[in-house]
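Chemist: I have a structure here, written as structure tokens, and I will follow up with some questions on it.
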Amino acid sequence: MSQKNGKEVLVSVNDLKLHFPIMRGVIRRQVGAVKAVDGVTFDIYKGETLGLVGESGCGKSTAGRAILQLLKPTAGEVYFEDRDLTKLSKGDLRRARRHMQMIFQDPQASLNPRLTVGSIISEPLEIHNVGDRESRKERVQELLRVVGLNPYFISRYPHEFSGGQRQRIGIARALATNPSFIVADEPISALDVSIQAQVVNLLDDLKAELGLTYLFIAHDLSMVRYISDRVAVMYLGKIVELGSRDDVYDRPYHPYTQALLSAIPIPDPDKEARRERIILKGEVPSPANPPTGCRFHTRCQYATEICSQQDPEFRNLGTAVQSHMVACHHAEKFM
Amino acid sequence: MTTILDVRNLVTRFYTEDGVVHAVNGISYTLDEGESMAIVGESGSGKSVGVMSIMGLIPSPPGKVEAGEVLYNGRDLLKLSPEELRQLRGSEIAMIFQDPMTSLNPVLTVGLQMTEALELHLNMSSAQAKERAVEMLQLVGIPNAADRLDDYPHQFSGGQRQRLMIAMALSCNPSILIADEPTTALDVTIQAQIIELVQKLQQELGMAIIWITHDLGVVAGMVQKLAVMYAGFIVEYGSVHDLYNLTSHPYTLGLLNSIPKVDARERTRLSSIEGLPPDLLMEPKRCPFAPRCTFAVERCWEENPPLISIAPAHSSACWQWEVVRSQSKVGVAA
Numbered sequence: 001m002s003q004k005n006g007k008e009v010l011v012s013v014n015d016l017k018l019h020f021p022i023m024r025g026v027i028r029r030q031v032g033a034v035k036a037v038d039g040v041t042f043d044i045y046k047g048e049t050l051g052l053v054g055e056s057g058c059g060k061s062t063a064g065r066a067i068l069q070l071l072k073p074t075a076g077e078v079y080f081e082d083r084d085l086t087k088l089s090k091g092d093l094r095r096a097r098r099h100m101q102m103i104f105q106d107p108q109a110s111l112n113p114r115l116t117v118g119s120i121i122s123e124p125l126e127i128h129n130v131g132d133r134e135s136r137k138e139r140v141q142e143l144l145r146v147v148g149l150n151p152y153f154i155s156r157y158p159h160e161f162s163g164g165q166r167q168r169i170g171i172a173r174a175l176a177t178n179p180s181f182i183v184a185d186e187p188i189s190a191l192d193v194s195i196q197a198q199v200v201n202l203l204d205d206l207k208a209e210l211g212l213t214y215l216f217i218a219h220d221l222s223m224v225r226y227i228s229d230r231v232a233v234m235y236l237g238k239i240v241e242l243g244s245r246d247d248v249y250d251r252p253y254h255p256y257t258q259a260l261l262s263a264i265p266i267p268d269p270d271k272e273a274r275r276e277r278i279i280l281k282g283e284v285p286s287p288a289n290p291p292t293g294c295r296f297h298t299r300c301q302y303a304t305e306i307c308s309q310q311d312p313e314f315r316n317l318g319t320a321v322q323s324h325m326v327a328c329h330h331a332e333k334f335m
Numbered sequence: 336m337t338t339i340l341d342v343r344n345l346v347t348r349f350y351t352e353d354g355v356v357h358a359v360n361g362i363s364y365t366l367d368e369g370e371s372m373a374i375v376g377e378s379g380s381g382k383s384v385g386v387m388s389i390m391g392l393i394p395s396p397p398g399k400v401e402a403g404e405v406l407y408n409g410r411d412l413l414k415l416s417p418e419e420l421r422q423l424r425g426s427e428i429a430m431i432f433q434d435p436m437t438s439l440n441p442v443l444t445v446g447l448q449m450t451e452a453l454e455l456h457l458n459m460s461s462a463q464a465k466e467r468a469v470e471m472l473q474l475v476g477i478p479n480a481a482d483r484l485d486d487y488p489h490q491f492s493g494g495q496r497q498r499l500m501i502a503m504a505l506s507c508n509p510s511i512l513i514a515d516e517p518t519t520a521l522d523v524t525i526q527a528q529i530i531e532l533v534q535k536l537q538q539e540l541g542m543a544i545i546w547i548t549h550d551l552g553v554v555a556g557m558v559q560k561l562a563v564m565y566a567g568f569i570v571e572y573g574s575v576h577d578l579y580n581l582t583s584h585p586y587t588l589g590l591l592n593s594i595p596k597v598d599a600r601e602r603t604r605l606s607s608i609e610g611l612p613p614d615l616l617m618e619p620k621r622c623p624f625a626p627r628c629t630f631a632v633e634r635c636w637e638e639n640p641p642l643i644s645i646a647p648a649h650s651s652a653c654w655q656w657e658v659v660r661s662q663s664k665v666g667v668a669a
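Structure representation (structure tokens):
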């Protein structure tokens with residue numbers, strides 16, 4: 001595995017792009033493209049949790065799927081343990097998938113209602129030809145225990161479980177093949193508040209016990225701060241800021257990050273009364289027709305002429321060891 | 336302050352094939368003119384059913400409002416005929432819902448939907464109604480309002496649709512606005528816009544608001560009063576300051592502790608509420624929170640604690656409220 005600043009890089013994403021074509025007319029001519037992910041570059045270190053935040057439509061889920069090759073990227077490279085996933089053959093990719101799994105947002109939609117919990121969790125084992133029938137069953141029971149469910153539930157169906165329990169089943173399925181990397185796409189946003197903490201604690205424990213690496217995609221900024229080691233903020237298909245959790249939350253350099261953070265509700269009436277909100281004007285522009293230059297300039301209170309002309313470089317304003325990347329022409333203003 | 340809404344001992348049940356669902360089990364609260372309060376609870380806590388009962392929106396069968404009084408300016412809403420209630424809804428008590436698409440008609444233009452209510456409730460002529468509709472759209476910040484009356488709901492973005500709902504709800508100058516999770520489907524920056532808008536309009540128009548939400552964080556800064564619901568009961572009720580600082584019910588405390596603090600310096604493990612929400616098919620005889628409660632004592636398994644006043648403007652339904660309060664934010668600091 002390649003090294004960077006003394007840390008092992010497990011996943012390295014380089015200028016990843018995913019454009020969905022817009023087709024029109026009888027002959028389905030391509031008239032444009034929705035640039036869902038438009039050139040993102042970052043590394044995920046072994047054993048860390050990288051939080052990916054942004055508003056709906058910013059491309060964060062698409063980025064997660066493109067990294068796992070569940071959607072074919074339009075351009076760019078994704079290195080997983082130093083192999084470029086975008087260049088692998090179908091068979092090689094399938095073998096590589098053992099080591100990288102996904103947890104989905106809606107456990108109701110991602111579990112087959114006609115299969116028992118046992119079949120759902122053992123399916124990845126069958127696909128990858130792991131063990132025989134008997135050992136698979138043992139493994140499923142073990143996994144159920146690991147995620148805090150009774151192994152006796154093995155022959156039940158998804159509808160017999162609550163939302164939080166179903167998410168645990170989804171987690172067990174993701175763990176079945178002993179992956180080293182997991183993309184968790186909004187794993188808690190469909191759950192009740194009191195259940196969210198249970199699932200987050202479980203993910204945390206599993207990471208410590210099994211040495212997992214997470215890409216945690218979410219829009220809940222407080223939860224992302226809690227679970228992540230580093231945080232990337234996405235806006236309209238690009239990463240605008242990336243740094244350690246405390247750097248991004250305590251010293252945000254990008255005006256968009258600042259606005260996002262100021263909008264988080266705080267469960268404390270006294271603090272709420274004192275704080276000032278940055279209310280962004282307007283809404284996120286369409287990714288089919290993003291603004292020129294800096295994509296945020298149409299809503300940014302600091303925007304100047306250069307912002308509408310030049311796409312800002314994604315540059316490091318932190319140290320070599322602890323980088324704090326930001327894509328803003330005026331970032332120095334906030335240092 | 337005059338009380339505008341006085342809900343007393345409201346009971347709503349659903350008679351289903353599987354048995355009787357005890358959705359709302361005798362809740363009482365009051366709302367003053369121009370006041371904003373929040374009803375907080377998780378899915379299945381009865382927070383939405385509680386206000387739907389007030390508005391006469393419970394489908395019957397299977398639902399039935401079985402007991403209680405809902406006094407609005409002295410009139411009991413539960414005794415009104417469907418026709419009388421219909422006149423009240425939308426004009427004096429208005430509601431906005433979580434998902435604007437379920438309450439906007441996709442095949443009618445926005446202008447038609449907005450003017451319909453105005454012509455019905457306020458007897459406006461179509462020209463007057465149109466003028467008022469444009470005025471409302473401008474008020475909620477929709478650009479080119481006059482041109483957009485002929486557009487259909489799908490031509491608006493999610494945040495704009497929520498603004499449309501607000502414009503429709505406020506067009507008849509209601510004295511009470513009930514907002515059922517109006518921002519959960521929205522992103523934080525849009526959520527901040529909508530909350531700011533509603534608060535600004537509240538000040539301008541002087542209406543009372545009931546926010547229904549599952550998120551204790553969202554309402555902290557914007558209401559005066561809070562009712563926390565669990566399993567169809569109000570388990571804690573009082574001023575926002577008391578509920579956040581002198582929390583006296585283990586469920587409220589659990590909810591507050593399970594939200595990570597975005598401004599927290601060090602990382603402590605999240606405390607979660609173990610177990611699952613209760614089965615509402617069971618008749619509540621003991622404290623419904625007891626199976627998940629870390630403060631529970633024997634009495635909790637035998638008797639359901641009533642909501643009792645523990646301080647001026649603060650009530651709790653917990654036998655152990657004093658112990659819980661010592662663990663609250665101020666209690667721990669003391």
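Protein sequence lines, in the order shown, are assigned to chains Y and L. Per the working numbering, the first sequence starts with residue 1, numbered consecutively. Per the working numbering, the second sequence starts with residue 336, numbered consecutively. Every residue gets a Cβ at the ideal spot worked out from N, C-alpha and C, and that includes glycine.
#1: In this structure, does DSSP put D72 of chain Y in helix, strand or coil?
#2: Return the residues of the segment 259 to 282 of chain Y that lie within a Cβ-Cβ distance of less than 7 Å from chain L, sorted by chain order.
#3: Taking 8 Å as the CB-CB cut-off, is T524 of chain L touching chain Y?
#4: The beta strand (DSSP E) with T177 of chain Y in it runs from where to where?
#5: Pull the bridge partners of E618 of chain L from the DSSP assignment, please.
#6: Mind reading off the beta-carbon distance from V658 of chain L to F624 of chain L? Whole number of angstroms is fine, and I expect it under 8 Å.
#7: I believe L551 of chain L touches P267 of chain Y by the beta-carbon criterion, under 8 Å. Please report the beta-carbon distance rounded to the nearest angstrom.
#8: Could you compute how far the alpha carbon of L457 of chain L sits from the alpha carbon of L423 of chain L?
#9: Looking only at C-alpha atoms, which of L:T524, L:A429, L:V558, L:G610 sits nearest to L505 of chain L?
#10: Taking 8 Å as the threshold (beta carbon to beta carbon), is N289 of chain Y in contact with chain L?
#11: Could you work out which residue in Y:L202, Y:F161, Y:Q310 is closest to V147 of chain Y when comparing CA atoms only?
#12: Please specify which runs of the alpha helix (DSSP H), each continuous and at least 4 residues long, are wholly inside the segment 500 to 547 of chain L, giving them in chain order.
#13: Quick one: residues in its chain with C-beta nearer than 8 Å to the C-beta of G610 of chain L, no 5 flanking neighbours on either side, listed in chain order?
#14: Short of 7 Å Cβ to Cβ, which residues in the segment 38 to 71 of chain Y face chain L?
#15: Give every residue of the same chain whose Cβ lies closer than 8 Å to the Cβ of R245 of chain Y, excluding the five residues on either side of it in the sequence, and list them in chain order.
#16: If you measure beta-carbon to beta-carbon, which residues of the segment 129 to 142 of chain Y are closer than 8 Å to chain L?
#17: What are the boundary residues of the beta strand (DSSP E) that includes D38 of chain Y?
#18: For Y402 of chain Y and chain L, any beta-carbon pair shorter than 8 Å?
#19: Have a look at C307 of chain Y and A480 of chain L and give me their C-alpha separation to the nearest angstrom.
#20: Am I right that L18 of chain Y and T86 of chain Y are in contact with their C-beta atoms under 8 Å? What's the rounded C-beta distance?
#21: Return yes when the Cβ of V140 of chain Y is within less than 8 Å of the Cβ of I171 of chain Y, no when it is not.
#22: Check the Cβ-Cβ distances between Q528 of chain L and every residue of chain Y, and say whether any is below 8 Å.
#23: At a CB distance below 7 Å, what residues from the segment 462 to 496 of chain L approach chain Y? Give them in sequence order.
#24: Please identify, using Cβ separations under 8 Å, the residues of the segment 199 to 214 of chain Y that lie next to chain L, in order along the chain.
#25: Determine the chain L residues that contact D192 of chain Y at a beta-carbon separation under 8 Å, and present them in chain order.
#26: Does the beta-carbon of D522 of chain L have 16 or more other beta-carbons within 10 angstroms, so that it is buried, or is it exposed?
#27: Is the beta carbon of I182 of chain Y sitting closer than 8 Å to the one on L144 of chain Y?
#28: Which residue from Y:L236, Y:G118, Y:E272 puts its Cα closest to that of C58 of chain Y?
#29: Can you name the residues that DSSP bridges to I306 of chain Y?
#30: Helix, strand or coil, according to DSSP, for H489 of chain L in the structure here?
#31: For A197 of chain Y and chain L, any beta-carbon pair shorter than 8 Å?
#32: So, using beta-carbon positions, are R348 of chain L and V342 of chain L closer together than 8 Å?
#33: On the CB-based measure, 16 or more other CB atoms within 10 Å of its CB, does L210 of chain Y come out buried or exposed?
#34: Answer with yes or no whether the minimum CB distance from M234 of chain Y to chain L is below 8 Å.
#35: Tell me which same chain residues have a C-beta within less than 7 Å of the C-beta of A452 of chain L, skipping the five on either side of it?
#36: What residue ranges within the segment 176 to 241 of chain Y form continuous alpha helix (DSSP H) runs of no fewer than 4 residues, ordered along the chain?
Modeler: From the atom records:
#1: As a first step, residue 72 of chain Y must be located in the first sequence, where it is residue number 72. The question names Asp, but residue 72 of chain Y is Lys in the sequence shown. It is coil, neither helix nor strand.
#2: A259, L260, A263, I264, P265, I266, P267, D268, P269, E272, A273, R277, I279, L280
#3: Taking the first residue of the second sequence as position 1, residue 524 of chain L is located at position 189. For T524 of chain L, the answer is yes, since a Cβ of chain Y falls inside 8 Å of its Cβ.
#4: Sequence index remark: in the first sequence, residue 177 of chain Y carries index 177 (1-based). Looking at the DSSP string, T177 of chain Y is not in any beta strand (DSSP E), and its letter there is neither H nor E.
#5: Locating residue 618 of chain L in the second sequence gives position 283, counting from the first residue. None; E618 of chain L has no bridge partner.
#6: Indexing the second sequence from 1 puts residue 658 of chain L at position 323. Indexing the second sequence from 1 puts residue 624 of chain L at position 289. Rounded, the Cβ-Cβ distance is 14 Å, inconsistent with contact.
#7: Residue mapping note: residue 551 of chain L aligns to position 216 of the second sequence, counting from 1. Residue mapping note: residue 267 of chain Y aligns to position 267 of the first sequence, counting from 1. Yes, L551 of chain L and P267 of chain Y are in contact; Cβ-Cβ is about 5 Å, under 8 Å.
#8: Here residue 457 of chain L refers to the residue found at position 122 when the second sequence is read from its first residue. Here residue 423 of chain L refers to the residue found at position 88 when the second sequence is read from its first residue. Each residue's alpha carbon lies about 11 Å from the other.
#9: In the second sequence, residue 505 of chain L corresponds to position 170, counting from 1. Closest option to L505 of chain L, Cα to Cα, is L:A429.
#10: To locate residue 289 of chain Y, count along the first sequence from 1; it is residue 289. So, not an interface residue.
#11: As a first step, residue 147 of chain Y is located in the first sequence; it is residue number 147 there, counting from the start. Among Y:L202, Y:F161, Y:Q310, the Cα nearest to that of V147 of chain Y belongs to Y:L202.
#12: 523 to 540
#13: What you label residue 610 of chain L is simply residue 275 of the second sequence in a count that begins at 1. Correct list, in chain order: P626, R627.
#14: E55, S56
#15: Within the first sequence, numbered from 1, the residue matching residue 245 of chain Y stands at position 245. Within the same chain, R245 of chain Y has close Cβ partners G51, R225, S228, D229, R230, V231.
#16: none
#17: For this step, residue 38 of chain Y is matched to residue 38 along the first sequence. Element bounds for D38 of chain Y: 29 to 45.
#18: Beyond the ends of chain Y as shown, which are 1 and 335, falls residue 402 of chain Y; an answer cannot be given.
#19: Residue mapping note: residue 307 of chain Y aligns to position 307 of the first sequence, counting from 1. Residue mapping note: residue 480 of chain L aligns to position 145 of the second sequence, counting from 1. So the two alpha carbons sit approximately 30 Å from each other.
#20: Counting from 1 along the first sequence, the entry for residue 18 of chain Y is found at position 18. Counting from 1 along the first sequence, the entry for residue 86 of chain Y is found at position 86. Wrong, their Cβ atoms sit about 11 Å apart, outside the cutoff.
#21: Taking the first residue of the first sequence as position 1, residue 171 of chain Y is located at position 171. Taking the first residue of the first sequence as position 1, residue 140 of chain Y is located at position 140. Their beta carbons are not under 8 Å apart, which means I171 of chain Y does not touch V140 of chain Y by this criterion.
#22: Here the question's residue 528 of chain L lines up with position 193 in the second sequence. Yes, because at least one Cβ of chain Y sits closer than 8 Å to the Cβ of Q528 of chain L.
#23: S492, G494
#24: V200, N201, D204
#25: In the first sequence, counting from the first residue as 1, residue 192 of chain Y sits at position 192. Result: E377, S378, H549, P612.
#26: Position 187 of the second sequence, counted from the first residue, corresponds to residue 522 of chain L. Result: buried.
#27: Along the first sequence, one-based indexing puts residue 182 of chain Y at 182. Along the first sequence, one-based indexing puts residue 144 of chain Y at 144. No; because the gap between Cβ atoms is not below 8 Å, this pair is not in contact.
#28: Walking along the first sequence from the start, residue 58 of chain Y turns up at place 58. C58 of chain Y has its Cα closest to that of Y:L236, out of Y:L236, Y:G118, Y:E272.
#29: As a first step, residue 306 of chain Y is located in the first sequence; it is residue number 306 there, counting from the start. Answer is none; I306 of chain Y lacks a bridge partner.
#30: Taking the first residue of the second sequence as 1, we reach residue 489 of chain L at position 154. It is helical.
#31: By one-based count along the first sequence, residue 197 of chain Y stands at place 197. Yes, because at least one Cβ of chain L sits closer than 8 Å to the Cβ of A197 of chain Y.
#32: Numbered from its first residue, the second sequence carries residue 348 of chain L at position 13. Numbered from its first residue, the second sequence carries residue 342 of chain L at position 7. No, Cβ-Cβ distance for R348 of chain L and V342 of chain L is not below 8 Å.
#33: Here residue 210 of chain Y refers to the residue found at position 210 when the first sequence is read from its first residue. By the 10 Å Cβ count, L210 of chain Y comes out exposed.
#34: Position 234 of the first sequence holds residue 234 of chain Y. Not one chain L Cβ lies under 8 Å of M234 of chain Y.
#35: Walking along the second sequence from the start, residue 452 of chain L turns up at place 117. Taken in chain order, the residues that qualify are G425, M503, S506, C507.
#36: 193 to 210, 221 to 227
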